[in-house]
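> Here you go, one structure.
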Amino acid sequence: MNKIYKENYRIKSLIYGYHFNKGRNSKGTITLKHRGRGHKRLYRRIDFKRNEENTGQILTIEYDPNRNTTICLVYYKIKNLYKYIIHPQSVGVGDIILSGYEIPIYAGNTLPLSNIPFGTFIHNIEIKPGKGGQLVRAAGTAAKVITKKKKRVLLKLPSGKLCSIPLTCLATIGQVNKTALKKKLKAGVNRWLGKRPKVRGTAMNPVDHPHGGGEGKAPIGRKSPATPWGYPAFGRRKKRKKINF
1 MNKIYKENYR IKSLIYGYHF NKGRNSKGTI TLKHRGRGHK RLYRRIDFKR NEENTGQILT
61 IEYDPNRNTT ICLVYYKIKN LYKYIIHPQS VGVGDIILSG YEIPIYAGNT LPLSNIPFGT
121 FIHNIEIKPG KGGQLVRAAG TAAKVITKKK KRVLLKLPSG KLCSIPLTCL ATIGQVNKTA
181 LKKKLKAGVN RWLGKRPKVR GTAMNPVDHP HGGGEGKAPI GRKSPATPWG YPAFGRRKKR
241 KKINF
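Numbering (UniProt numbering), first residue to last: 1 to 245.
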């Protein structure tokens, strides 16, 4: 059984303090509503690129307060380096992971999309070559390789949306590890996560919201709901980008 460590196995070069803006700008004005400081925590430097041909061994599986999945501490013996990666499912302590071009299709290995066969589940996918993985990094998620054409590959994302990406981009084989969902037993859990309370518009004064005011428990006083700035809350058109594949 893989034990999840929280302390005592920290590599100082991979951990640093992080400043949270708490939804304020440089003047202290609220620019993002319902966002607070949250609990004090350290940020783990995750290796999303994995663009060097290397062989590493997983030393520990650790808890990360900044994401909803666990992370792995990997040791690369050739270069004597320690790095954190997102924990792929079905990969445990002591396993060997590879990154390169002509490598086996096993969970945890990173290689270009051009060398990944159809129907393979992948995660930590690059959008631009060399920029590092930006897609499919949440717990339990995975994308599927659908087809390839010329210099691009068509992927099916966890949302069901189809996405076209260059063949030279890198991706990691397998699904992101799932973590047991914990119930939020009190309101303080949301405050730890940096979420502030959301006040209903009907509970405000007319000066603060279009739904505000009225005597007692009054309705919104409008034909249709509105945003705090007076725009229609529902029924607006949403743009959808077409995929040229």
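We treat Cβ as the ideally placed atom computed from N, Cα and C, and that holds for glycine.
#1: Quick one: residues in its chain with C-beta nearer than 6 Å to the C-beta of residue 13, no 5 flanking neighbours on either side, listed in chain order?
#2: Check for me: the beta strand (DSSP E) holding residue 44 runs from which residue to which?
#3: Mapping DSSP to helix, strand and coil, what is residue 191?
#4: Within 8 Å, do at least three Cβ pairs link the region 144-151 to the region 97-108?
#5: Checking the sheet assignment: what are the DSSP bridge partners for residue 155?
#6: Under the three-state reduction of DSSP, which class applies to residue 111: helix, strand or coil?
#7: Using three-state DSSP, classify residue 133 as helix, strand or coil.
#8: In angstroms with no decimal places, state the Cα-to-Cα distance between residue 136 and residue 51.
#9: Please state whether the Cβ-Cβ distance between residue 58 and residue 94 is less than 8 Å.
#10: In three-state terms, what does DSSP make of residue 12?
#11: Looking at C-beta atoms only, is the number of pairs between the region 190-198 and the region 111-130 that lie closer than 8 Å three or more?
#12: So the beta strand (DSSP E) residue 169 belongs to, where does it begin and stop?
Inspection of the coordinates gives the following:
#1: none
#2: 42-44
#3: helix
#4: no
#5: 145 and 163
#6: strand
#7: strand
#8: 17 Å
#9: yes
#10: helix
#11: no
#12: Here residue 169 belongs to no beta strand (DSSP E), and DSSP marks it neither H nor E.
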